[in-house]
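Using our numbering, the first residue of the sequence shown is number 59, and each one after it goes up by one.
Note that beta-carbon positions come from the ideal geometry of N, C-alpha and C, so glycine has one too.
Contents: one structure, followed by commentary.
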Amino acid sequence: MSPEPGRRGTAVLRAGGPPAGVRTAAPPHRRDAPTSSVLTLPAADALVALGSSPRGLTSAETVARRDRFGLNELPGVGRGQAWRRLVAQFTDLFAVVLLVSSAITLLAYWLGRPRDPATLQLALAILGVVLLNAGIGFAQEYSAERTAESLKAMVPHTCRVLRDGERRELSARELVPGDVVILDAGDAVPADCRLIEAQEAAVNNAALTGESDPVARVAEPVPPGPLPEARNCVFMGTDLVAGTVKAVVFATGTSTEFGRIFRLAAAAPRQRTPLQRQVAVMARRVAGVALATGAVLFVVRVPSGQPFVDTFVFSLGVMVALVPEGLPATLSVSLAIGVRRMARRHALVKQLLAVEALGSTSVICTDKTGTLTQAEMTVVRLWADGVSHTVTGVGYAPDGGITDAGPVRELLRAAALCGNARLVPPSGRDAWRVLGDTTEGALLVAARKAGLDPAQEEIRTPRVAEHPFDSARKLMSTVHRGGDGRFFAYVKGAPLELLARCDAIDRGGATTPLSDAARAEVAAAADGMAAQGLRVLAVARRQVAVPRPPLGEVESDLTLLGLAGMYDPPRPEVRDAVDACRRAGIRIVMVTGDHPLTAEAVARRVGIVRDPAPTVATGTRLDALDDSGLDTLLTGSGELLLCRVSPEHKMRVVTALQRHGEVVAVTGDGANDAPALKHADIGVAMGASGTDVAREAAVMVLLDDSFASITTAVGLGRSVYRNIRKFLIYLFSHNIAELVPILAATFAGFPLVPITAVQILAIDLGSDVLPALALGAEPMEPDVMDSPPRPRHERLFSTSVMGRILFLGGIQALGVCAVFFWHIHASGIPYADFTKDDPVYREAITMVQAGIVVSQFFNALAVRTDRQSVFRAGLLTNPWLLAAGCFGIGLMAAVSYTPPLQAVFHTAPLAPADWAVLAAFGALLLAAEELRKGVLRHRRTQPKGGSR
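Written as C-alpha cells, this is what we have:
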C-alpha cells in the first residue's frame, strides 16, 4: 500500500530548496500552493525548479526520489486489513453471545466436581460453531474483495520517460516527481505533469470533471489560479486526445488530483445497508430474549434442589436453543450465492451485504458517459446544399452507409483532413477504436462510410500547417498542399462561429455567394440538428496563397461545405433496462458533469426522460439552494436531470435522498464519481472504463460497464431478500420446536431436558444449514421486478413473517412434545427416577431430535412459496433442497444408530414405527401450511365489499 499523503510515498514539489528545488510535500489542504510557482514559470525554469532537466532525471536521482516519495500509485486494500476483517467476524452479536456462552460453560466444567465431559463437549461445540461461521464469512468476503482488486485498469501501466537522456518505457508506478514523460494522442496521463513542450495538444478530462469535450493544452506559463484549470498541466487518469507533449511530473500517487478525490471519497463514511440494520436489530432482540429466558429458567430451577452447575448448564442450553447459530453462516453463503449469480451476469459485488441492499434500491443516480452511452461518438446526420443525409451504423466500426453520399464527399473529406485522430482497426480482442478526439474519430468513420480513405487523402493532400482548436474561437484549422501545388485551408467548428466567417457556400460543387436567405437556411438546419440532441459541427474551406498563412487569413472568407450532426450512442440494452426500472418503481436521476442539452438528449433516447419539460438543474443552481430547497427539488414527482455537478454536489444529493428514506444506488466511472459512490447505499463502478478511484470506492463493479447489468443485479438482489425471508422462517420456526419442549419439561416438573444443547447444535449446523442454503439458492421468480421497492424501514421480521414462524414452529413444537411425553409416560417410570443414562430417556430425546429434523424436511417444502401451493410450484424444481433434506435425515440416522455418535449425543436407536410416527407429524405440518395458503388464496379472490 502506498504511504499516506503528506508522508513518504507522494509529493508535490516546490520551487527552490535542496536538492534541485525539491522539498517535502505540503499538507493535503495546501495542494495548490507548492505548484503555483511552477505553473507560472517558463518551461525551462519550471524544469530547474523541479530539480530536472530536458534530459530527464539521472538513474541515481530517480532511486533517491523513489526512496523519499514512494511509488506512483493509489492505496488499495492492504494485506494488513485482512486480519481486521477476520476479527470483525467475531464482533457479530450472535458470535459474541456464543463466545461468552462457550467461556462460561468451559468455566463451569473446570469448577464442577466431578467434571462432566458433556459440559466440556458443549463448550467446544459452541466454540466450533463460532469458528465455522467466522471462517465462512471471512472467506466469502475476502474472496470477493480480492477479485475486485484485479480490475485496476484506469491508471496506465506503462509510460515513456526520459532517463539519463534516453527514452525508456517504464511502469507508471515507477514515476517520481521530476521525471520527464512523453505523451502522444491516445495516451493516458500517468501522473500530474507540467507541460514543457506541446504540439496541438488537447486532453479529455472526463475522468476528473465529467466533461467529455477536449480541452486545449499549452506549454506557456499561466496566471495563478485553481490547479485543475491550469492550461499547462495534465492530470493522472485523463487522456491526451490530440497532439504530442513533453511534460515534467510534479505530483504522484495520492498527491495528484486523482489522489485529492480519493481522499475525499475515503473521508465519506460507508453507509450500513438495510439488511445490516435489520439483522443488527434482530440480533439484539433475539439475544435479549435468549438471555432473559435462560435467566428466568435458572431462577425457577435452582429452588428445586438441582445441582447449581447442572442448572446453570441447563439454562445455558435454553439460551443456545434460542440463538440461531447457523444464521450467520447461512446468511453469508446465501449472499455469496447471489454474488456468484451476479458475477455470471457481469456484476462483481465486493461486499456480500451489498447484494440485498441493491435489491432494495429505490433511486439510481446514474452518470451518462460510458454508463448509459457507449463513449463512442457517431455521425448520424449530414447536411449539404440544403439536403439532409442519414448516416447508418453505430460506433467506430465503419459499417453502414450514407443516403446519397456523393454530395457530402467533399464535406467529409475536409472534415477528415482537419483532425488529428486515428482510426485503429480490430486487433486481437480489441474492436475498432479511435486514438485521439472521439469527435474527429466519428468524422473519420463517416468518411469511410462514404467510400473515402482518410489515410490516402492525407498522403495525396499532406498537411503543412495547423491552428489547433481553441475554446474561445471554437474552431480548428489545417492547411494542406494539393496535388497541383495549391494550398487549401480546411476549418471545422461550432456552426454559428464558422458561419460568421463564411461568405460563400458550396452548391453542387459550385461556389455561390452566401446570401442572408442561405445563412438563415444553414442556421435553421443547425438548430434542427441541435433540437434532436446532436452535437453539430460546421465544415468549410478556402484556398490560401502560402503554406503558413496567419490565422486571420485562414479563418475568413470561407466557403461552407456543410454540417455534421453526431451523438454518443446509448447502449442498445439500456432502454429495456430503464423500462424494467420503471416497472419496478425505481426512480432514475441522471447526475452528470455534461451540458444540460446533451444530458437531456441522451436521457430521452434511453427513456429516462419522457415528459415534454423535465426538471433540469445545474451545479450553479444547487449551490444556490439550501437544504430545504434541495429537498423540494429532489422530492418532486417529475423527471430530474442534474448537470454540470461536482463531487460535492453528488454527495449532497445522495445525502438528501437518504434523508428522505430512499435507498440510493450511484453509478459512475470517473474519479469525480468516487465520493458519491462511497457515500451511497450502493456504489456501482464501471470495470472496463472505470477509474481506479471509482472502483475502490464502489461496492459493486460492472464488468461489462452495462446499465442493463444493474437492472439484473437489482432483480437478483430482490430475489435474495425473498430467499432470506424463506430461510429465516425455516430456521426460527424450528427454534420454537427446540425451546417449547424444554419449557414444557420445566413446568411439568421433569428433572431432565427433552433435548440437550449439543443436540441443538447438531440440528442447527448438521441438519438445517444445507436446506437453508438450498432455500437461499431458489431461482429468481418471474415477477420479481413487477413490484415497487420495499420501504427502507420495512422490518425483516414483519407481522406476516412472525405469524408464519409461530404457526409452523407451533405445529413442530406440539409434535415433538407429544412424542417425548408419550415415550416418558409409556414407560411408567416416575419423573424423579429418570437419569441421563436411562434407555427410555435416551430414546425419548432421540425422538425429539429426530422429530425436529424430519419436520424440518417438510417445513423446507412448505416455506418455498408464500401463497402458491408447493405442489403447483413443483416438488422437484429445487433438487438441492430435497438432497439437503435427505442428507439431514441421513445424518440423524447416523446419530441414532452409530455407537460413537450415540456416546456424544446420548441417543438411542429408533424403531421403524418411530420413524413412521415422525413422518406423519411432518406430513401434518405440510398439510396445515397448504391449508393456510389455500385460505389466503381464497380470501384474495373474494370481492372487497359490495356495490354502492
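Worksheet item: Over what stretch of residues does the beta strand (DSSP E) that includes Cys701 continue unbroken?
Response: Secondary structure note for Cys701: its beta strand (DSSP E) is the uninterrupted segment 698-701.
Worksheet item: Which partner residues does Cys251 have in the DSSP bridge list?
Response: Partner(s): Val292, Val307.
Discussion item. Which residue wins for smallest C-alpha separation from Gly665, given the options Ala795, Val602, Thr431, Glu468?
Written reply: For the options Ala795, Val602, Thr431, Glu468, the alpha carbon positioned closest to that of Gly665 is the one of Thr431.
Worksheet item: Straight-line CA distance for Ala1029 to Arg342?
Response: Within the shown structure, residues of the chain are numbered from 59 to 1006, placing residue 1029 beyond reach of any answer.
Fill in: Alpha carbon of Val445 to alpha carbon of Val537, nearest angstrom
Using only the alpha carbons, I get a separation of about 28 Å.
Discussion item. With H, G and I counted as helix, E and B as strand and the rest as coil, what does DSSP make of Val234?
Written reply: Residue state, collapsed to three classes: coil.
Discussion item. What does the alpha-carbon distance come out to for the pair Ala918 and Phe945?
Written reply: Answer to the nearest angstrom: the Cα atoms are 13 Å apart.
Worksheet item: Taking the alpha carbon of Tyr548 as the point to measure from, which residue in Leu572, Val522, Pro571, Ser573 has its own alpha carbon closest?
Response: Each of Leu572, Val522, Pro571, Ser573 was checked against the Cα of Tyr548, and the nearest Cα belongs to Val522.
Worksheet entry | Residue ranges of each beta strand (DSSP E) within the segment 635-716, 3 or longer | 645-649, 673-676, 698-701, all fully within the segment 635-716.
Discussion item. Just to confirm my understanding: we take Cys251, look at its own chain, exclude 5 residues before and 5 after, and list those with CB closer than 7 Å. What are they?
Written reply: By the criterion of a C-beta distance shorter than 7 Å, Cys251 is surrounded in its chain by Val239, Cys291, Val292, Ala305, Val306, Val307, Phe308, once the five residues flanking it on both sides are discounted.
Worksheet item: Rounded to the nearest angstrom, how far is the Cβ of Ala622 from that of Leu595, given a contact under 8 Å?
Response: Indeed they touch by this definition, with Cβ atoms about 5 Å apart.
Worksheet item: Out of Ile794, His525, Val155, which has the shortest C-alpha to C-alpha gap to Val276?
Response: Here the closest residue by C-alpha is His525.
Worksheet entry | Alpha-carbon to alpha-carbon, Arg226 and Val303 | Approximately 16 Å between the Cα atoms of the pair.
Worksheet item: Using the C-alpha atoms, what's the distance from Gln179 back to Phe785?
Response: Computed Cα separation, rounded: 28 Å.
Worksheet item: Using 8 Å as the threshold, is the segment 784-798 in touch with the segment 817-828, meaning 3 or more CB pairs across them?
Response: For the pair of segments examined, the segment 784-798 was found to touch the segment 817-828: the number of CB pairs separated by less than 8 Å reaches three.
Discussion item. Whole angstroms are fine: how far does the CA of Val154 sit from the CA of Gln147?
Written reply: Cα to Cα, Gln147 sits roughly 10 Å from Val154.
Worksheet item: Which one of Lys408, Ala977, Arg922 has the shortest CA to CA distance from Glu836?
Response: Out of Lys408, Ala977, Arg922, Arg922 has the C-alpha closest to the C-alpha of Glu836.
Worksheet entry | Beta carbon of Asn263 nearer than 8 Å to that of Thr310 | Pairing Asn263 with Thr310 gives a Cβ-Cβ distance that is not under 8 Å.
Worksheet item: Span of the beta strand (DSSP E) holding Gly623?
Response: Residues 616-625.
Discussion item. Tell me the rounded alpha-carbon separation between Gly453 and Glu658.
Written reply: The alpha-carbon atoms of Gly453 and Glu658 are separated by roughly 21 Å.
Worksheet item: Taking the C-alpha atoms as reference points, what is the distance between Val339 and Thr149?
Response: Distance from the CA of Val339 to the CA of Thr149, rounded to the nearest whole angstrom, comes to 15 Å.
Worksheet entry | Glu434 burial status per 10 Å Cβ neighbour count (16 or more: buried) | It counts as buried.
Item to complete: Flag this pair as yes or no: are the beta carbons of Val703 and Leu680 separated by less than 8 Å?
Response: Yes.
Discussion item. Taking the straight line between their C-alpha atoms, what separation do you get for Thr570 and Phe765?
Written reply: Rounded to whole angstroms, Thr570 to Phe765 spans 49 Å at the Cα level.
Worksheet item: By DSSP, does Phe808 sit in helix, in strand, or in coil?
Response: Here Phe808 sits in coil by DSSP.
Worksheet item: Do Leu866 and Ala920 come within 8 Å of each other at the CB atom, strictly closer than that value?
Response: Yes, the Cβ-Cβ distance between Ala920 and Leu866 is below 8 Å.
Discussion item. Looking at the strands, I want to know which residues DSSP matches up with Met340.
Written reply: According to DSSP, Met340 bridges with nothing at all.
Practice prompt. Using a threshold of 8 Å, state whether the C-beta atoms of Ala803 and Val811 are closer than that.
Written response: Yes, the pair counts as a contact, with Cβ atoms nearer than the cut-off.
Worksheet entry | Meets three-Cβ-pair contact criterion under 8 Å: the segment 875-882 and the segment 756-776 | Taking 8 Å as the limit for Cβ pairs, the verdict is that the segment 756-776 does not touch the segment 875-882.
Practice prompt. Name the residue from Thr116, Ala260, Glu613 whose alpha carbon lies nearest to the alpha carbon of Gly223.
Written response: Nearest option by C-alpha distance: Thr116.
Discussion item. So if DSSP puts Val445 in a beta bridge, which residue, or which two residues, is it bridged to?
Written reply: Residue pairing for Val445: DSSP places it in a beta bridge opposite Ala442.
Discussion item. The beta strand (DSSP E) that contains Gly551, what's its start and end?
Written reply: Run containing Gly551: 545-551, per the beta strand (DSSP E) assignment.
Worksheet item: When the Cα of Ala942 is compared with those of Val273, Val778, Leu831, which residue comes out closest?
Response: Measuring from the Cα of Ala942, the nearest candidate turns out to be Leu831.
Discussion item. Here's the rule I'm using: 16 or more other beta-carbon atoms within 10 Å means buried, otherwise exposed. How should His883 be labelled?
Written reply: So His883 counts as exposed.
Worksheet item: Looking at C-beta atoms only, is the number of pairs between the segment 837-848 and the segment 979-992 that lie closer than 8 Å three or more?
Response: Touching, no.
Worksheet entry | Start-to-end residues for the alpha helix (DSSP H) that takes in Pro733 | Boundaries of the alpha helix (DSSP H) around Pro733: 732-737.
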